[in-house]
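For the sequence shown, position 507 matches number 508 in our numbering, and the numbering has no gaps at all.
Ideal Cβ positions, reconstructed from N, Cα and C, are used throughout, including at glycine.
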Amino acid sequence: TSAYSSPAKSLGDPGITPLSPSHIVKDSDADDAVEQLFLVVVAIDFGTTSSGYAYSFTKEPECIHVMRRWEGGDPGVSNQKTPTTILLTPERKFHSFGYAARDFYHDLDPTESKHWLYFEKFKMKLHTTGNLTMETDLTAANGKKVKALEIFAYALQFFKEQALKELSDQGGSDFENTEVRWVITVPAIWKQPAKQFMRQAAYKAGMASPENPEQLIIALEPEAASIYCRKLRLHQMIDLSNRAPVNGYSPSDTIGTGFTQGKEHVRRNRQSRTFMVENVIGEIWSELEEGDRYIVVDSGGGTVDMTVHQIRLPEGHLKELYKATGGPYGSLGVDYEFEKLLCKIFGEDFIEQFKIKRPAAWVDLMIAFESRKRAAAPDRTNPLNITLPFSFIDYYKKFRGHSVEHALRKSNVDFVKWSSQGMLRMSPDAMNALFKPTIDQIVQHLSEVFDKPEVTNVKFLFLVGGFAESPLLQQAVQSAFGSRCRVIIPQDVGLTILKGAVLFGLDPAVIKVRRSPLTYGVGVLNRFVEGKHPPEKLLVKDGTRWCTDVFDKFISADQSVALGETVTRSYTPAKPSQLVIVINIYSSEQDSVSFITEPGVKKCGTLRLDLTGTDASVPSRREIKTLMQFGDTEIKAMAVDVATSKSVKVGIDFLNY
Numbered sequence: 002t003s004a005y006s007s008p009a010k011s012l013g014d015p016g017i018t019p020l021s022p023s024h025i026v027k028d029s030d031a032d033d034a035v036e037q038l039f040l041v042v043v044a045i046d047f048g049t050t051s052s053g054y055a056y057s058f059t060k061e062p063e064c065i066h067v068m069r070r071w072e073g074g075d076p077g078v079s080n081q082k083t084p085t086t087i088l089l090t091p092e093r094k095f096h097s098f099g100y101a102a103r104d105f106y107h108d109l110d111p112t113e114s115k116h117w118l119y120f121e122k123f124k125m126k127l128h129t130t131g132n133l134t135m136e137t138d139l140t141a142a143n144g145k146k147v148k149a150l151e152i153f154a155y156a157l158q159f160f161k162e163q164a165l166k167e168l169s170d171q172g173g174s175d176f177e178n179t180e181v182r183w184v185i186t187v188p189a190i191w192k193q194p195a196k197q198f199m200r201q202a203a204y205k206a207g208m209a210s211p212e213n214p215e216q217l218i219i220a221l222e223p224e225a226a227s228i229y230c231r232k233l234r235l236h237q238m239i240d241l242s243n244r245a246p247v248n249g250y251s252p253s254d255t256i257g258t259g260f261t262q263g264k265e266h267v268r269r270n271r272q273s274r275t276f277m278v279e280n281v282i283g284e285i286w287s288e289l290e291e292g293d294r295y296i297v298v299d300s301g302g303g304t305v306d307m308t309v310h311q312i313r314l315p316e317g318h319l320k321e322l323y324k325a326t327g328g329p330y331g332s333l334g335v336d337y338e339f340e341k342l343l344c345k346i347f348g349e350d351f352i353e354q355f356k357i358k359r360p361a362a363w364v365d366l367m368i369a370f371e372s373r374k375r376a377a378a379p380d381r382t383n384p385l386n387i388t389l390p391f392s393f394i395d396y397y398k399k400f401r402g403h404s405v406e407h408a409l410r411k412s413n414v415d416f417v418k419w420s421s422q423g424m425l426r427m428s429p430d431a432m433n434a435l436f437k438p439t440i441d442q443i444v445q446h447l448s449e450v451f452d453k454p455e456v457t458n459v460k461f462l463f464l465v466g467g468f469a470e471s472p473l474l475q476q477a478v479q480s481a482f483g484s485r486c487r488v489i490i491p492q493d494v495g496l497t498i499l500k501g502a503v504l505f506g507l508d509p510a511v512i513k514v515r516r517s518p519l520t521y522g523v524g525v526l527n528r529f530v531e532g533k534h535p536p537e538k539l540l541v542k543d544g545t546r547w548c549t550d551v552f553d554k555f556i557s558a559d560q561s562v563a564l565g566e567t568v569t570r571s572y573t574p575a576k577p578s579q580l581v582i583v584i585n586i587y588s589s590e591q592d593s594v595s596f597i598t599e600p601g602v603k604k605c606g607t608l609r610l611d612l613t614g615t616d617a618s619v620p621s622r623r624e625i626k627t628l629m630q631f632g633d634t635e636i637k638a639m640a641v642d643v644a645t646s647k648s649v650k651v652g653i654d655f656l657n658y
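Shown next, in the form of C-alpha cells:
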C-alpha cells in the first residue's frame with residue numbers, strides 16, 4: 002500500500018468509502034436455497050442440568066415423540082431427560098453420557114476414578130466465558146482440562162447416534178443423517194459466540210456441515226417454548242391464578258400420583274412417549290388478539306431467560322418486542338446455596354478436599370439433594386432428610402478427628418439437625434432459605450422487565466423450563482405478578498422447550514421478527530471534515546484527506562430485524578486502481594458507534610474480494626455492494642463487484658477473531 006504521510010495508522014486499511022446513502026432492501030426470497038426435504042425433525046434440548054431429544058416425522062407433524070426411556074433414572078427424579086454428564090476414558094476418548102456416565106464413574110475405585118475425566122453442568126461455561134473461542138477449556142472433576150468444543154461435540158454426537166438408532170429401530174431400516182433436520186436449543190441470552198460455538202460443535206459431531214448449514218437450526222429456548230404454548234389446550238396447563246401451586250396438582254392429590262402411574266406405564270413399554278399436538282390454536286391463545294403481548298419465562302438449571310412476544314395476526318406469527326434478558330439464576334443457584342450450607346457446617350477446607358478426593362461420593366450427595374429439592378413446597382411442614390454417603394461420614398472423621406454428628410451439634414446452623422438414621426434433617430424453612438436468593442433474583446429481574454415501556458399490558462406469563470416445576474418458584478411468581486397478568490404453567494413443563502423446538506423445526510418461518518442483539522457495521526474511510534472528525538484519525542492517501550476507522554452501521558442493537566432481511570450498502574475503493582478489496586465487519590453491544598477503535602467493538606468477519614484479472618474497462622468509480630442477511634441465528638455477509646458480478650460470501654464469526 003502507498004506510504005502514509007499522516008499521523009493515523011489505519012487499522013485494517015479500510016480501502017473503501019461509502020458510495021451512496023444507505024438503503025435497506027427487504028429481500029427475503031431471492032437467493033434462498035431450495036428447501037431440502039427432511040423426513041424427520043429431531044430437536045435436542047441440551048440443558049445445563051439435563052438434556053433430551055424429541056422428534057416428529059414431517060408427514061405427521063401432529064405427533065411429537067419424546068425420546069425413549071433411559072436406563073438408570075434416579076429415585077424421586079423421574080423425567081424424560083437424562084443428566085448432562087459426560088465421561089471420558091483416561092485416554093480422553095468418549096465413554097458414556099448421562100446416567101450411564103454417572104453410574105459408571107461412581108462405581109470406579111477411587112484410585113482409578115482419578116484418571117477418568119468426568120464433566121457435569123459444563124454448559125454454563127459458554128454463558129460465563131467472556132472471550133469464548135474454539136480453544137476454550139473445560140475442567141473435569143479430577144482437575145484435568147479438555148477443549149470445550151470436543152466435549153460438546155461428543156455430547157451432540159451421542160444424541161445424534163441415540164436418535165438415529167431409535168429412528169432406525171422404529172422404522173425397521175437404517176435411518177440416514179441426511180434425512181434428519183436437527184434443531185438444537187440455546188438460551189436466548191447467550192451471546193453470539195456461544196450460539197456459533199454450538200453450531201461448530203454440531204458440525205464436528207457430523208450433524209450438518211458448513212456446506213449444508215440449513216440442516217441444522219439453532220433455536221432460542223424461550224421462542225421454542227412460546228411456539229409450544231400457542232398450541233396448549235386448557236387441560237394441558239395449570240392456571241395459577243385459579244389454584245394453589247403444588248407441582249400442578251391440587252393439594253388433595255398426593256403429589257404426583259397421576260404422574261407416577263403414567264410414568265410406570267411408560268417405563269413398562271420402554272418406548273418413546275408420543276404427544277399429540279392438535280393442529281389448532283389452543284383455547285388460551287384464542288383469547289389473544291392482534292397486538293397482544295405475553296412474556297415467556299424460561300427457567301432452567303443454569304439460566305433464566307425472559308422474552309416478550311407480541312402476536313401478529315392472521316397467521317399468529319410472533320414478534321419479539323423486548324430483547325431477551327435474564328441471567329444465571331437457574332436452579333443451580335439452589336445447589337450452590339446447599340454447598341455453602343455444607344461448608345458452614347463442616348468447613349470449606351473439608352468440602353473442597355472431599356470433592357477432590359471422593360468426587361463420586363460428592364456426586365451422590367448432590368443427587369440425594371436433588372430429589373429432596375424437588376420435594377420442597379411452600380406449605381410443607383415435615384422436615385426433609387438427606388442421606389449422607391458413608392464415605393462422607395468416614396472421610397470427615399479421618400479429616401477432622403470427630404464425627405459428623407458432633408459437627409452438626411456445634412455448628413450454629415439451627416435448622417439442620419442430625420437424625421438417628423444417619424441423615425441430615427432439614428426443616429422446610431431451611432430448605433426454602435436455599436431457594437430464596439435464586440427466586441428473589443428471578444422475581445427482581447421480572448419486575449424490571451415489567452417496568453419497561455415496551456412491556457405494558459402483558460396478558461399472560463408462561464412459566465416454562467425445568468425449574469418451573471418448583472412450587473416455591475410458582476408461588477413467588479404468582480404472588481408477585483398474579484395481579485398484572487395470568488400466570489400459566491404447561492403440564493410436563495420440563496419438556497415444553499423440547500416440544501416447541503420440534504414444532505419450530507417443522508415450520509421455522511413462525512418467528513418473523515427479532516431484535517438484533519448487536520450493532521453491526523463495516524470499517525470505512527470517509528472524506529475528512531475539519532472540526533467534525535478527530536485530527537488523530539486523519540489519513541492522507543495520494544493527496545486525498547480521509548478520516549479512517551469509521552464504523553459504517555448496518556443495523557443497531559435492539560433494532561427489529563425481519564427473518565431473512567437483507568441490508569445493503571454500496572462502497573467504492575478509495576483508490577480506483579485497487580484490485581484486492583478487503584471489507585472488515587465489526588460488531589458492538591452499544592447502539593451508537595462512530596469508530597471501530599472504540600472499546601467493545603469486535604471484528605467478526607472479513608470479506609476479501611479479489612478483482613485481479615477482471616476486465617480493464619470497468620467504470621472509474623467501481624461499485625462494491627455489501628449485503629448482510631440476518632438469518633435465524635446466523636448472519637451472512639456478501640460483497641459483489643457490480644460491474645463484473647464477482648462475489649464473495651462469509652458467515653459472521655465470533656470465535657476466531
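Exercise. Would you decide whether Phe391 is buried or exposed? Buried here means 16 or more other CB atoms lie within 10 Å of its CB.
Key: exposed
Exercise. Using only alpha-carbon positions, find the residue among Phe370, Ile387 and Met307 that is nearest to Leu464.
Key: Met307
Quiz item: Under 7 angstroms between the Cβ atoms of Val525 and Asp559?
Solution: no
Quiz prompt | Residues near Leu473 by beta carbon distance below 8 angstroms, same chain, minus five either side | solution = Around Leu473: Ala377, Ala378, Pro379, Asn433, Phe436 and Ile440.
Self-check item: At least three beta-carbon pairs within less than 8 angstroms, the stretch 487-502 to the stretch 220-227
Solution: Touching, yes, given that three or more Cβ pairs across the two stretches are closer than 8 angstroms.
Quiz item: So is Ile87 buried or exposed if we call it buried at 16+ other beta carbons inside 10 Å?
Solution: buried
Exercise. For His96, count neighbouring C-beta atoms within 10 Å of its own C-beta (all shown protein chains included) and say buried if the count is 16 or more, exposed if not.
Key: Flag for His96 reads buried.
Self-check item: Alpha-carbon to alpha-carbon, Gly565 and Asp508
Solution: The straight-line gap from Cα to Cα measures roughly 15 angstroms.
Practice problem: Pick helix, strand or coil for His116, following the three-state DSSP scheme. | Solution: coil
Self-check item: Beta-carbon proximity of Arg294 to Val511, cut-off 7 angstroms
Solution: Val511 sits away from Arg294, with the two beta carbons spaced by 7 angstroms or more.
Quiz prompt | Closest by C-alpha distance to Gln158, when choosing among Tyr106, Ile45 and Phe105 | solution = Ile45
Self-check item: Met307 in three-state terms, based on DSSP
Solution: strand
Quiz item: Given 8 angstroms as the limit, is there contact between the stretch 140-148 and the stretch 168-177, that is, 3 or more CB pairs closer than that?
Solution: The stretch 140-148, when compared against the stretch 168-177, does not touch it at the 8 angstroms Cβ threshold.
Quiz item: Anyone know if the C-beta pair for Trp363 and Lys356 falls short of 7 angstroms?
Solution: Contact: yes.
Quiz item: Name the DSSP beta bridge partners of Asp642, please?
Solution: Ile625 and Lys647
Quiz item: Grouping DSSP H, G and I as helix and E and B as strand, with all else coil, what is Ser227?
Solution: helix
Quiz prompt | Reduced DSSP secondary structure (H/G/I, E/B, other) of Thr497 | solution = helix
Quiz item: DSSP on Phe47, reduced to helix/strand/coil?
Solution: In this structure, Phe47 counts as strand in the three-state DSSP scheme.
Quiz prompt | N-terminal and C-terminal residue of the alpha helix (DSSP H) that Glu61 is part of | solution = No alpha helix (DSSP H) holds Glu61; DSSP gives it neither H nor E.
Quiz item: Do Lys126 and Leu139 have their C-beta atoms closer together than 7 angstroms?
Solution: Lys126 places its beta carbon less than 7 angstroms from that of Leu139.
Practice problem: Give the DSSP bridge partners of Lys637, in chain order. | Solution: Gln630 and Gly652
Practice problem: Identify whether Trp191 lies in helix, strand or coil by the three-state DSSP scheme. | Solution: coil
Quiz item: How is the alpha helix (DSSP H) around Asp395 delimited, first residue to last?
Solution: Phe391 to Arg401
Quiz item: In the structure shown, what three-state DSSP assignment does Lys27 receive?
Solution: Residue placement at Lys27 is poorly supported in this model, since its pLDDT is 43, which falls under 50; the coordinates are not used for a value here.
Quiz item: Which runs of the alpha helix (DSSP H) spanning at least 4 residues fall entirely within the stretch 321-381, listed in chain order?
Solution: Taking only runs of at least 4 residues, the alpha helix (DSSP H) segments lying wholly in the stretch 321-381 are 333-347, 349-358 and 360-374.
Quiz item: So, are the CB atoms of Val488 and Val478 less than 7 angstroms apart?
Solution: yes
Quiz item: What do you reckon, is the C-beta of Lys122 under 6 angstroms from a heavy atom of the ligand SAH?
Solution: Because no ligand of any kind appears in the structure shown, any question about the ligand SAH cannot be addressed here.
Quiz item: Going straight from the alpha carbon of Asp415 to that of Arg426, what length do you get?
Solution: 11 angstroms
Exercise. Look up Asn178 in the DSSP assignment and say whether it is helix, strand or coil.
Key: helix
Practice problem: Under 8 angstroms by Cβ, that's how I've got Ile152 and Phe198 pegged, so tell me the actual separation to the nearest angstrom. | Solution: No, Ile152 and Phe198 are not in contact; Cβ-Cβ is about 11 angstroms, not under 8 angstroms.
Self-check item: Distance between Ala149 and Gln475 (C-alpha atoms, nearest Å)
Solution: 34 angstroms
Quiz item: Can you give the beta carbon distance from Pro491 to Tyr229, rounded, assuming they're within the 8 angstroms contact cut?
Solution: 7 angstroms
Practice problem: Using alpha carbons as the reference points, say which of Ser52, Arg103, Gly207 and Glu212 lies closest to Lys650. | Solution: The shortest Cα separation from Lys650 among Ser52, Arg103, Gly207 and Glu212 belongs to Glu212.
Self-check item: Limits of the unbroken alpha helix (DSSP H) element including Glu167
Solution: Ala149 to Gly172
Quiz item: Is it true that the CB of Thr613 sits closer than 7 angstroms to the CB of Ser1?
Solution: Coverage of the chain is limited to positions 2 through 658, which leaves residue 1 absent and any answer about it impossible.
Exercise. Examine chain B for any beta-carbon lying closer than 7 angstroms to the beta-carbon of Lys161, and answer yes or no.
Key: Protein chains in the displayed structure number just one, and chain B is not present.
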